[in-house]
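Undergrad: Numbering (the numbering used here), first residue to last: 18 to 339.
Here it is, the structure, as structure tokens.
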Amino acid sequence: MTVLAVEIREFGSPEGLALIDRTAPAPAAGQVLIATEAIGVGGVDAVIRRGALAAYGFTKGHIPGSEVAGTVIAVGEDVDTSWIGQRVWAFTGLGGGYAEQAVAPVDEIVPLPAGLSAADAVTLGSSGVVAHFGLSHARFAPGESVLVRGAAGSIGIMTVQLAARGGAGAVAVTTSSVERGERLRALGATHVLDRSGDGGAYAPTGYDVVIDVVAGPDLPSFLDMLNPNGRMVVVGVVGGQPPADFGTTMMAAFRKSTSFATFSADTVAAPDRHAVRAGQFAAVSRGELRTVVHEVLPLEQAVSAHSKMDAGEVFGRIVLTP
């Protein structure tokens, strides 16, 4: 039996993605096989597709996609057969998701509440966890001011909501347009800045916490925006790597006692991630949190999905459906 999938035929532009027929995967011991209903298109997929992580072992023929939602249709050895027929969200690793069927470790799946759509699940599943633990990593406390850099993606949107719900004194965002700024205000932002961090005369002059999804060459200017004892946590590098000497900016402001850290959800134990994820799934089902699905496209339009991401057109997350 064969299934449709999308592979990276050439690193670089979105046109390097190709739709293929592949042999249907089979779950190994400790894995489940999922008939996908929705596939999340994430920033890390674009970074891998561009070839920026080739040094980490990604090669041509790689199938992108790290999170899917759908129905378990088979299980591997030592996996409880009661999973078969259940609708779940799943983390597939750093690949394998852009397909009609995908395998995932049973330890990386979470049942979906009846009221949660598959598209909402893959919009929230990874991003909500990164937003939650990113703020925790920054030691965010009620009353503090927060800047979310790159707030229009799914991680940024969830960080804005969680900071606002957590009692932030101010929630500033960087974004590319007035229209996006207004949408972020509706989600909890109190101040809208441009991509450089300029928010006019009424924006805070500094921030206690900066959550950065972008990094890239402009990172040092955002370090300068930290208040005394302020903390920056980088949770993504969709804009590329920062300058090698960015630490000199912090050393120049030595007396402010600022801190810099990176955060990856890989450092959080699976049970802790799943507990937060399940709670957020339930919160969306109750209407307490909002997911933002930019567009739902068929798997065959993965090139279009990546082109929209590269062009900066996406607000929220694009979802692929087989």
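Backbone N, C-alpha and C define an ideal beta-carbon position, used for all residues, glycine too.
For S162, list the residues DSSP reports as bridge partners.
TA: Per DSSP, A187.
Undergrad: For T76, is the classification buried or exposed, using 16 other Cβ atoms within 10 angstroms of its Cβ as the cut-off for buried?
TA: T76 should be labelled exposed.
Undergrad: Answer with buried or exposed for A169, where buried requires no fewer than 16 other C-beta atoms within 10 angstroms of its C-beta.
TA: Buried: at least 16 other Cβ atoms inside 10 Å.
Undergrad: How long is the line joining the alpha carbons of G296 and V105, rounded to whole angstroms?
TA: Near 14 Å, if we compare the C-alpha coordinates of V105 and G296.
Undergrad: Got a sec? Which residues, its chain only, sit under 7 Å from T192 by beta carbon, not counting five neighbours each side?
TA: So the list reads A168, A169, G198, L201, V209, once near-sequence residues are dropped.
Undergrad: Would DSSP call A181 helix, strand or coil?
TA: Looking at A181 - three-state DSSP - the assignment turns out to be helix.
Undergrad: Using the Cα positions of M249 and S99, report the straight-line distance between them to the nearest angstrom.
TA: Distance between the alpha carbons of M249 and S99 is about 43 Å.
Undergrad: Could you check whether S302 and G132 sit closer than 9 Å to each other, using their CB atoms as the reference points?
TA: Yes.
Undergrad: CB-CB under 6 Å to A300, same chain, minus the five flanking residues each way: which ones, in chain order?
TA: So the list reads L306, once near-sequence residues are dropped.
Undergrad: By the three-class DSSP mapping on this structure, what secondary structure does G87 have?
TA: Three-state result, G87: strand.
Undergrad: Here's the rule I'm using: 16 or more other beta-carbon atoms within 10 Å means buried, otherwise exposed. How should Q103 be labelled?
TA: By the 10 Å Cβ count, Q103 comes out exposed.
Undergrad: So, using beta-carbon positions, are E94 and A107 closer together than 9 Å?
TA: The answer is no: Cβ separation not under 9 Å.
Undergrad: Just to check my reading of the structure: V61 and S83 have Cβ atoms closer than 8 Å, yes? What is that Cβ distance to the nearest angstrom?
TA: Indeed they touch by this definition, with Cβ atoms about 7 Å apart.
Undergrad: Leaving out five residues before and five after A135 in sequence, what residues of the same chain have Cβ atoms less than 6 Å from its Cβ?
TA: Taken in chain order, the residues that qualify are E54, A55, A86.
Undergrad: As an exercise, report each continuous alpha helix (DSSP H) stretch of at least 4 residues that is fully enclosed by the region 190-248, in chain order.
TA: Whole alpha helix (DSSP H) segments, 4+ residues: 195-203, 236-240.
Undergrad: Could you have a look at T140 and say whether DSSP puts it in helix, strand or coil?
TA: If DSSP states are grouped into helix, strand and coil, T140 belongs with the helices.
Undergrad: If distances are taken between C-alpha atoms only, which option among A232, S281, M267 comes closest to G257?
TA: With distances taken between Cα atoms, G257 lies closest to A232.
Undergrad: Compute the Euclidean distance between the alpha carbons of T19 and R39, then round it to the nearest angstrom.
TA: The alpha-carbon atoms of T19 and R39 are separated by roughly 5 Å.
Undergrad: Can you grab the Cα-Cα spacing for the pair I25 / G113, in whole Å?
TA: C-alpha separation (whole angstroms): 11 Å.
Undergrad: In angstroms, rounded to a whole number, what distance separates the CA positions of I172 and R272?
TA: The straight-line gap from Cα to Cα measures roughly 31 Å.
Undergrad: Going straight from the alpha carbon of P42 to that of A119, what length do you get?
TA: Roughly 7 Å between the two C-alpha positions.
Undergrad: Tell me the start and end of each unbroken alpha helix (DSSP H) in the region 313-338 that is at least 4 residues and wholly inside, in chain order.
TA: Fully enclosed alpha helix (DSSP H) runs of 4 or longer: 319-327.
Undergrad: What do you reckon, are the CB atoms on V147 and G264 nearer than 9 Å?
TA: No.
Undergrad: Along the chain, where does the beta strand (DSSP E) containing I37 start, and where does it finish?
TA: First-last of the beta strand (DSSP E) with I37: 34-40.
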